[in-house]
Every structure is written in C-alpha cells, then in structure tokens.
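K.L.:
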Amino acid sequence: MKCDVVIVGAGPAGSMAARTAAQKGLKVVMLEKRQEIGDPVRCAEGVSKASLARLVNPDPRWIAAEVKGARIYAPDRSNVVMSEDRSGNEVGYVLERKIFDRALAMDAARAGAQVMVKARALGLLMKDGHPYGVKAMRFGEVFDIQAPLVIGADGVESKVGRWAGIDTALKPQDIEVCAQFLVHSELLDDEYCEFYFGNQIAPGGYVWSFPKGKKLANLGIGILGSRSESGAPVRLLRSFMEKNLPDARVLEMDVGGVPVSGPIESTTADGVILAGDAARQSDPITGGGILNAMNAGIMAGEMAAEALARGDTSKEGLKPYEDRWRATIGKQIAKHYELKEFLVNLSDDDLNSLSSSLQSEDISKMDLKGMLRVLFRMNPKILWELRHLII
Amino acid sequence: MLTIDRYKCGYCGACVGVCPACALELVETWLEVSDDCIECKRCTKICPAGALALMEDRS
Ligand SMILES: Cc1cc2nc3c(=O)[nH]c(=O)nc-3n(C[C@H](O)[C@H](O)[C@H](O)COP(=O)(O)OP(=O)(O)OC[C@H]3O[C@@H](n4cnc5c(N)ncnc54)[C@H](O)[C@@H]3O)c2cc1C
Numbered sequence: 020m021k022c023d024v025v026i027v028g029a030g031p032a033g034s035m036a037a038r039t040a041a042q043k044g045l046k047v048v049m050l051e052k053r054q055e056i057g058d059p060v061r062c063a064e065g066v067s068k069a070s071l072a073r074l075v076n077p078d079p080r081w082i083a084a085e086v087k088g089a090r091i092y093a094p095d096r097s098n099v100v101m102s103e104d105r106s107g108n109e110v111g112y113v114l115e116r117k118i119f120d121r122a123l124a125m126d127a128a129r130a131g132a133q134v135m136v137k138a139r140a141l142g143l144l145m146k147d148g149h150p151y152g153v154k155a156m157r158f159g160e161v162f163d164i165q166a167p168l169v170i171g172a173d174g175v176e177s178k179v180g181r182w183a184g185i186d187t188a189l190k191p192q193d194i195e196v197c198a199q200f201l202v203h204s205e206l207l208d209d210e211y212c213e214f215y216f217g218n219q220i221a222p223g224g225y226v227w228s229f230p231k232g233k234k235l236a237n238l239g240i241g242i243l244g245s246r247s248e249s250g251a252p253v254r255l256l257r258s259f260m261e262k263n264l265p266d267a268r269v270l271e272m273d274v275g276g277v278p279v280s281g282p283i284e285s286t287t288a289d290g291v292i293l294a295g296d297a298a299r300q301s302d303p304i305t306g307g308g309i310l311n312a313m314n315a316g317i318m319a320g321e322m323a324a325e326a327l328a329r330g331d332t333s334k335e336g337l338k339p340y341e342d343r344w345r346a347t348i349g350k351q352i353a354k355h356y357e358l359k360e361f362l363v364n365l366s367d368d369d370l371n372s373l374s375s376s377l378q379s380e381d382i383s384k385m386d387l388k389g390m391l392r393v394l395f396r397m398n399p400k401i402l403w404e405l406r407h408l409i410i
Numbered sequence: 008m009l010t011i012d013r014y015k016c017g018y019c020g021a022c023v024g025v026c027p028a029c030a031l032e033l034v035e036t037w038l039e040v041s042d043d044c045i046e047c048k049r050c051t052k053i054c055p056a057g058a059l060a061l062m063e064d065r066s
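Sequences listed follow chains A and B, in order.
At position 187 of the first sequence the residue is numbered 206 (the numbering used here), and the sequence of numbers has no breaks.
At position 1 of the second sequence the residue is numbered 8 (the numbering used here), and the sequence of numbers has no breaks.
#1: Which partner residues of Trp227/A appear in the DSSP bridge assignment?
#2: Comparing the C-beta of Ser228/A with each C-beta of chain B, is any distance below 7 Å?
#3: With burial defined as no fewer than 16 other Cβ atoms inside 10 Å of the residue's Cβ, what is the status of Leu206/A: buried or exposed?
#4: When Cβ atoms are compared, which residues of the region 14-26 of chain B fall closer than 7 Å to chain A?
#5: Can you say whether His407/A is buried or exposed, counting buried as having 16 or more other CB atoms within 10 angstroms of its CB?
#6: Is the CB-CB distance between Thr10/B and Ala58/B below 7 Å?
#7: Note down the Cα distance separating Thr39/A from Met62/B, rounded to an integer number of angstroms.
#8: If you measure from the beta carbon of Ala288/A to each beta carbon in chain B, is any gap under 7 Å?
#9: Any beta carbon of chain B sitting closer than 7 Å to that of Leu405/A?
#10: If we define contact as Cβ-Cβ less than 7 Å, is Glu63/B a contact residue for chain A?
#11: Under a CB-based cut-off of 7 Å, is Glu176/A close to chain B?
#12: Distance cutoff 7 Å, beta carbons only. Does Ile11/B sit that close to anything in chain A?
#13: Can a CB atom of chain B be found closer than 7 Å to the CB of Val253/A?
#14: With distances taken between CB atoms, is the gap from Pro27/B to Ala188/A smaller than 7 Å?
#15: Determine the DSSP secondary structure at Arg343/A, reduced to helix, strand or coil.
#16: Take Met35/A and list the residues in its own chain whose beta-carbon comes closer than 6 Å to its own, dropping the five residues that flank it on each side.
#17: Rounded C-beta distance between Ile170/A and Ile304/A? I'm assuming under 8 Å.
#18: Hey, out of Thr36/B, Val25/B, Gly20/B and Met8/B, whose CA is closest to Tyr14/B's CA?
#19: For the beta strand (DSSP E) containing Gln165/A, name the first residue and the last one.
#20: Using a Cβ-based criterion (distance less than 6 Å to any ligand heavy atom), does Gln199/A qualify as near ligand 1?
#21: Have a look at the DSSP bridge pairing and note the partners of Pro303/A.
#22: Can you pull the chain B neighbours of Ile194/A, defined as C-beta to C-beta under 9 Å?
#23: Rounded to a whole number of angstroms, what is the C-alpha to C-alpha distance between Ser366/A and Gly111/A?
#24: Please give the ranges of any alpha helix (DSSP H) in the region 59-113 of chain A, keeping only runs that are unbroken, at least 4 residues long and fully inside the region.
#25: Have a look at Val269/A and Ala140/A and give me their C-alpha separation to the nearest angstrom.
#26: Can you tell me whether Pro175/A is helix, strand or coil according to DSSP?
#27: Where Asp331/A and Phe361/A are concerned, what is the direct C-alpha to C-alpha distance, given to the nearest angstrom?
#28: With a cut-off of 7 Å, does the C-beta of Leu38/B fall near any C-beta of chain A?
#29: Any beta-carbon of chain A closer than 7 Å to the one on Cys29/B?
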C-alpha cells in the first residue's frame with residue numbers, strides 16, 4: 020500500500036493533521052490501534068470556548084456542559100474565582116470526548132483521508148537510514164504502508180519519535196499521573212471548573228472537578244510522577260472523594276498520564292513529524308493538551324503538503340514545522356514549564372499566603388498573567404525567582 | 008521480572024511513555040513487556056492504578 024502521508028494515532032492531533040493534509044490534496048492514511056476512536060477517555064475534557072471555536076464549529080453533540088469560570092482552592096480552602104474567558108486553555112466547555120474525537124476523525128475521513136481502526140503501527144520502514152513509511156498490523160494482519168512522510172500523533176505513549184531516533188521517554192518529574200472518576204453528587208458545582216491544590220491532596224499537581232451537567236462531573240487527580248508511588252492517584256482520589264463528596268456515585272473510571280516536560284529538543288526527523296502529546300506539547304501548568312494537539316496537527320498537516328510539494332521530507336525540509344509551533348503554542352508551553360517547575364515546590368503555607376493575598380483584589384477579570392503580576396507585587400519573597408516571567 | 012496485574016491495569020499507556028528502554032507496548036487493553044526491560048522501576052512508580060510490580064526472580 021502507498022500514500023503521501025501516514026498518520027499514527029487518531030486523537031485530536033492526528034485527526035486535525037489528517038484533515039488538513041487531505042484538504043490540501045494529499046493521499047492520507049490514518050492508523051488507530053483502538054477499535055473505537057476516543058474510547059477509553061483519558062481526559063478531563065475541559066477546553067477554552069473561544070480557542071476551540073477558532074479551530075472547529077462547536078457542535079452541541081459533543082459539548083457536555085458550559086462553565087462560567089474556574090474556582091481555585093488553596094490548601095486552607097480559601098479560593099479565588101476566574102472568569103471563563105480568562106482561565107486559560109482548559110476552561111469553558113466540558114466536552115464529551117468519545118463523541119468529539121470521533122467527530123474530528125469523521126471530518127478527516129470526509130476530507131478524503133483513509134481511516135483504519137484496530138490498526139497499530141509496529142515500526143518504521145527504513146532504507147539507508149531514512150524512513151519510508153510504517154509497518155502496521157490491522158486485525159491481526161501485518162502489512163506495509165509506504166509513504167515519504169509519517170506523522171506521529173500517537174499520544175503520551177508515543178513510539179514513532181523513538182523509532183526515528185528522538186528520545187521522547189518522559190522522566191517521572193515530567194509526567195502528571197492521573198486518575199479520574201465520572202461522578203454524580205448533589206454537592207457538585209455545575210457552573211465552575213474547580214481546582215484543589217495542596218501537597219497532601221495532590222503532590223505536585225491538583226484535584227479537579229469539571230462539571231458535565233446535572234450534578235455529574237469528571238472528578239480527577241494529577242500527581243507529579245516523581246512524587247507519586249504505585250497506585251497513589253487512585254488512592255488519593257478516592258480519599259478526596261470520600262471526604263468531600265460522601266454521597267458520590269462513580270459511573271466511570273479513567274487513568275492516564277500527561278506530559279509536562281515542556282518543549283522537547285526536536286519534534287522532527289528525516290521523514291517524521293511528531294504532533295500533540297507525542298511531541299510533548301501539552302501545557303505543563305494545566306495539563307491541557309487538546310487545543311495544542313489540534314493546532315500542532317494543523318501545522319503538521321500543512322507542513323506535509325509543503326514538504327511533499329517540494330519533494331523534501333528530510334529533517335531540514337521539515338524545519339518550518341519546528342519553527343512554527345515553537346513560535347506559536349511553544350512559547351506558552353515553555354513559559355508554563357518554568358512556572359510549573361517553580362509551583363510544584365511551593366509548600367502549603369506558600370500556597371495559602373498566595374491565595375490570601377488575592378482575597379482583597381478584584382481578579383475576576385484577570386488572566387493568569389495578570390494574576391501573577393498581582394501575586395508578585397504582594398508576595399515578592401515567595402515569587403522572586405519568577406520575576407523574569409512576570410515583569 | 009516486571010509483573011502486570013491485568014485485573015488492575017487501566018491500559019492508559021503512562022508506563023509506555025516513561026519506559027526508557029521502549030520495552031512496553033500497549034495493545035488496546037493488553038500491556039506487553041519485552042526482554043528489553045531493564046527493571047528500572049520507573050513504570051512501577053508512576054502507574055496510576057498500581058498494576059505494575061517488580062518481582063525478585065526465583066530461579
Ligand atoms: C486524566 C487526564 C486529564 C486530562 N484533561 C485534559 C483537559 O481537561 N483538557 C485538555 O485540553 N487536555 C486534557 N488532557 C490532555 C489531553 O487528553 C491530551 O493532551 C490530548 O488527548 C492529546 O491529543 P493527541 O491527539 O496528541 O493524543 P491522544 O488523544 O492520546 O491520541 C493518540 C492516539 O494514538 C493512538 N496510538 C498510539 N500508539 C499507536 C500505534 N502504534 N498505532 C496506532 N495508533 C496508536 C492511541 O490509541 C490514541 O488514540 C488530560 C489528560 C489526562 C490523562
């Protein structure tokens with residue numbers, strides 16, 4: 020089998036890349052190893068309204084709920100509230116990703132991409148050290164797909180980069196390990212995405228509650244890998260739930276990992292582009308990765324069309340992709356990585372002081388940057404190391 | 008030897024993402040370990056479900 024570009028993984032990154040490349044006239048094959056795209060979910064499903072609407076037309080079929088904003092709790096339970104349009108790329112809509120991911124794959128298929136499910140990439144085809152497609156297995160049958168370009172959109176567990184010689188293995192300090200329950204509880208807030216911080220609650224991470232309407236919510240936890248231990252996310256989430264939502268009924272359980280490594284050195288190799296979680300493009304502060312994955316997918320699809328038109332899929336020829344994502348989504352990812360490295364080391368006392376200093380301020384119209392500026396003015400001692408990011 | 012408790016595994020692939028030896032592979036709901044495993048314990052530490060453990064070889 021031959022085509023112009025093989026895309027490995029049908030998550031948001033893969034589907035956007037497939038759609039973009041197909042729209043530009045390329046012959047596209049997208050492989051997804053699961054038999055059902057989008058299932059099981061490994062996501063809290065929160066996404067900014069305005070940013071999503073710039074990429075796809077919002078469809079009520081995959082929107083579970085809309086929220087008014089974010090409420091952030093310090094360890095002492097004092098809290099600050101941010102409005103939806105200022106809360107960053109994870110707050111606004113809460114999606115139904117089982118439907119959303121499928122809809123994006125469908126858009127790719129409609130644009131002309133060939134989608135294969137239960138089809139797993141097994142490795143790259145190599146000739147003289149240069150990849151020329153992938154070896155895959157579909158429904159037990161092994162076959163080759165020849166293509167001058169492979170886009171690795173294979174998520175947190177990505178292998179495509181490693182096959183091409185890019186070391187994407189995440190160190191424990193560069194992954195948030197997560198557990199999540201879809202819960203029903205009368206005590207849930209249907210209007211706000213909630214975040215709970217504290218070294219006892221979630222070491223190096225936070226607990227979240229993202230409402231999905233009618234007292235349903237994704238209640239989850241992320242812990243920094245280096246501060247976690249076997250099974251800790253599930254254990255800590257359960258104890259949080261028992262303490263805070265004693266009436267909760269669990270309807271679904273998910274586990275997962277989010278890369279928080281910040282920008283990695285290289286996301287391209289000869290004949291290979293990485294996009295989304297595979298390229299470690301999720302946000303190190305929020306763990307939000309849907310929008311970055313979609314944006315990177317589009318950039319990868321555009322790059323594919325340009326590279327094929329020029330007949331140059333070498334690493335050098337793919338450099339524009341590298342430059343473009345670093346100049347756009349990469350800036351925030353890099354900044355937030357630094358911020359995360361700092362925040363995960365704050366004590367509960369520090370977190371409480373930061374929260375209490377915001378109580379007298381009107382931050383309802385502030386974004387993260389504005390809030391940091393106020394925090395810095397009031398807590399220069401705690402935040403001194405961050406001054407270059409704030410001023 | 009790395010052991011997998013398949014009754015606990017949530018097949019999320021976090022372990023695959025941290026494995027420095029590329030020794031793990033997730034096949035839908037089935038996690039496979041290859042001979043490349045170097046028993047570094049990264050995966051056992053970060054497994055959110057607590058499904059991975061390193062057993063002493065009893066040979
Ligand atoms: C618990 C949790 C909560 C999160 N919450 C949020 C949130 O609220 N908001 C947000 O924006 N982000 C969130 N994220 C992050 C978000 O889920 C990811 O950033 C996003 O899914 C990345 O998209 P992707 O397309 O890069 O990868 P994925 O969505 O992971 O898709 C990769 C696909 O590749 C497939 N694949 C892998 N290997 C192969 C292979 N060899 N052959 C074929 N197919 C393969 C996989 O099966 C998968 O379907 C969360 C993550 C977790 C774990």
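Glycine included, C-beta positions come from ideal geometry on N, C-alpha and C.
In this text the structure is predicted, and so the values were computed from the model without any measurement.
P.N.:
If we stick to the structure as given:
#1: Translated into the one-based positions of the first sequence, residue 227/A becomes position 208. Phe214/A and Gly239/A, per the DSSP bridge assignment.
#2: The count along the first sequence starts at 1 and reaches residue 228/A at position 209. Not one chain B Cβ lies under 7 Å of Ser228/A.
#3: Sequence index remark: in the first sequence, residue 206/A carries index 187 (1-based). Looking at its Cβ environment, which holds fewer than 16 other Cβ atoms inside 10 Å, Leu206/A is exposed.
#4: Gly17, Cys19, Gly20, Ala21, Val23, Gly24, Val25 and Cys26
#5: Numbered from 1 along the first sequence, position 388 holds the residue referred to as residue 407/A. It is exposed - the Cβ of His407/A has fewer than 16 other Cβ atoms within 10 Å.
#6: For the purposes of this step, residue 10/B is taken as the residue at position 3 of the second sequence. For the purposes of this step, residue 58/B is taken as the residue at position 51 of the second sequence. No, these two residues do not count as a Cβ contact at 7 Å.
#7: For the purposes of this step, residue 39/A is taken as the residue at position 20 of the first sequence. For the purposes of this step, residue 62/B is taken as the residue at position 55 of the second sequence. If you take the alpha carbons of Thr39/A and Met62/B, they lie about 47 Å apart.
#8: Your numbering for residue 288/A matches position 269 in the first sequence. No, its Cβ sits nowhere closer than 7 Å to a Cβ of chain B.
#9: Taking the first residue of the first sequence as position 1, residue 405/A is located at position 386. Not one chain B Cβ lies under 7 Å of Leu405/A.
#10: Within the second sequence, the letter at position 56 stands for residue 63/B. False, the Cβ-Cβ gap to chain A never drops below 7 Å.
#11: As a working mapping, residue 176/A is identified with position 157 in the first sequence. Taking Cβ atoms only, chain B reaches closer than 7 Å to Glu176/A, which makes this a yes.
#12: Within the second sequence, numbered from 1, the residue matching residue 11/B stands at position 4. Answer no: the Cβ-Cβ gap between Ile11/B and chain A never drops below 7 Å.
#13: The residue given as residue 253/A occupies position 234 in the first sequence. Chain B, which has a Cβ nearer than 7 Å to the Cβ of Val253/A, makes this yes.
#14: To locate residue 27/B, count along the second sequence from 1; it is residue 20. To locate residue 188/A, count along the first sequence from 1; it is residue 169. Result yes, Cβ atoms of Pro27/B and Ala188/A sit closer than 7 Å.
#15: Here residue 343/A refers to the residue found at position 324 when the first sequence is read from its first residue. Note: Arg343/A maps to helix in three-state DSSP.
#16: For the purposes of this step, residue 35/A is identified with residue 16 of the first sequence, where counting begins at 1. Hits under 6 Å: Met313, Gly316 and Ile317.
#17: Translated into the one-based positions of the first sequence, residue 170/A becomes position 151. Translated into the one-based positions of the first sequence, residue 304/A becomes position 285. Not really, about 26 Å apart at Cβ, beyond 8 Å.
#18: The residue labelled residue 14/B in the question sits at position 7 within the second sequence. The shortest C-alpha separation from Tyr14/B is found at Thr36/B.
#19: Taking the first sequence and counting its residues from 1, one reaches residue 165/A at position 146. Gln165/A -> beta strand (DSSP E) spans Glu160 to Gln165.
#20: Looking up residue 199/A in the first sequence gives position 180. Checking every heavy atom of ligand 1 against the Cβ of Gln199/A, one is found closer than 6 Å.
#21: The count along the first sequence starts at 1 and reaches residue 303/A at position 284. According to DSSP, which records beta bridges pairwise, Pro303/A is partnered with nothing at all.
#22: Taking the first residue of the first sequence as 1, we reach residue 194/A at position 175. Per Cβ cutoff of 9 Å: Ala21, Gly24, Val25 and Ile53.
#23: Numbered from its first residue, the first sequence carries residue 366/A at position 347. Numbered from its first residue, the first sequence carries residue 111/A at position 92. So the alpha carbons of these two residues sit roughly 29 Å apart.
#24: DSSP runs (the alpha helix (DSSP H)) wholly in the region 59-113 of chain A: 68-72.
#25: The residue you call residue 269/A lines up with position 250 of the first sequence. The residue you call residue 140/A lines up with position 121 of the first sequence. Rounded to the nearest angstrom, the two C-alpha atoms are 34 Å apart.
#26: Within the first sequence, the letter at position 156 stands for residue 175/A. Note that residue 175/A corresponds to Val in the displayed sequence, not to Pro. If DSSP states are grouped into helix, strand and coil, Val175/A belongs with coil.
#27: Walking along the first sequence from the start, residue 331/A turns up at place 312. Walking along the first sequence from the start, residue 361/A turns up at place 342. Distance between the alpha carbons of Asp331/A and Phe361/A: 41 Å.
#28: Position 31 of the second sequence, counted from the start, is the residue given in the question as residue 38/B. Chain A, which has no Cβ nearer than 7 Å to the Cβ of Leu38/B, makes this no.
#29: In the second sequence, the residue the question calls residue 29/B occupies position 22. So, interface residue.
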